[in-house]
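Colleague: Quick note on the UniProt record's numbering: the sequence shown kicks off at 1 and runs consecutively.
Where is the CB? At the ideal position from N, CA and C, for every residue including glycine.
These numbers were taken from a predicted model, which means no experiment stands behind them.
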Amino acid sequence: MSETATHSVTISEAATRRIAAILSKTAEADSLRISVEGGGCSGFSYKYDLTRGREDDDLVLEQDGARVLIDQVSLAYMEGAVVDFVDDLMGQSFQIRNPNAVASCGCGTSFTV
Numbered sequence: 001m002s003e004t005a006t007h008s009v010t011i012s013e014a015a016t017r018r019i020a021a022i023l024s025k026t027a028e029a030d031s032l033r034i035s036v037e038g039g040g041c042s043g044f045s046y047k048y049d050l051t052r053g054r055e056d057d058d059l060v061l062e063q064d065g066a067r068v069l070i071d072q073v074s075l076a077y078m079e080g081a082v083v084d085f086v087d088d089l090m091g092q093s094f095q096i097r098n099p100n101a102v103a104s105c106g107c108g109t110s111f112t113v
């Protein structure tokens, strides 16, 4: 799978296409923000928000009509991660393959470092 990397977070082609499609259908947002929050069944969880604008210290990943924002605190937990979009028999979802996660739960959005 061909992927584009900026800094230490990689966005797959499938995720790029899906993010661009979502953003093209809404006038209220120009970016997908991915953040890490405390909580979830494994200690931390990923949060996805459509947003307009960015903070000064955000990492901005842009390609082919897709823009992803990651704040510096979340980036510390996501070093080396791959953001992907999966469409299979189980459904559609964004998935983050995070090498820092030592455990995760079945929901796919909660992890432990």
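#1: Drop a sphere of 10 angstroms on the beta-carbon of ARG18, count the other beta-carbons inside from all chains shown, and report buried for 16 or more, exposed for fewer.
#2: Give me the Cα-Cα distance between ALA101 and LEU32, rounded to the nearest whole angstrom.
#3: Would you tell me roughly how many angstroms separate the C-alpha atoms of ASP30 and ALA66, rounded to the nearest one?
#4: How many angstroms separate the CA atom of ARG97 from the CA atom of GLY91?
#5: Please go through the same chain and pick out, in chain order, the residues whose beta-carbon is closer than 6 Å to the beta-carbon of LYS47, but skip the five residues on each side of it.
#6: Under the three-state reduction of DSSP, which class applies to GLU28: helix, strand or coil?
Modeller: So, from the listed chains and residues:
#1: Position 18 of the sequence shown, counted from the start, is the residue given in the question as residue 18. Using a 10 angstroms sphere on the CB of ARG18, the tally of other CB atoms reaches 16 or more, which defines it as buried.
#2: One-based indexing of the sequence shown puts residue 101 at position 101. One-based indexing of the sequence shown puts residue 32 at position 32. Each residue's Cα considered, the two are about 22 Å apart.
#3: On the sequence shown, residue 30 is found 30 positions in, with the first residue counted as 1. On the sequence shown, residue 66 is found 66 positions in, with the first residue counted as 1. Whole-angstrom Cα-Cα distance: 8 Å.
#4: Against the sequence shown, residue 97 aligns to sequence position 97. Against the sequence shown, residue 91 aligns to sequence position 91. Each residue's Cα considered, the two are about 17 Å apart.
#5: As a position in the sequence shown, residue 47 is number 47, starting the count at 1. The residues are SER35 and GLU37.
#6: Position 28 of the sequence shown, counted from the start, is the residue given in the question as residue 28. The three-state reading of DSSP puts GLU28 in coil, since its state is none of H, G, I, E or B.
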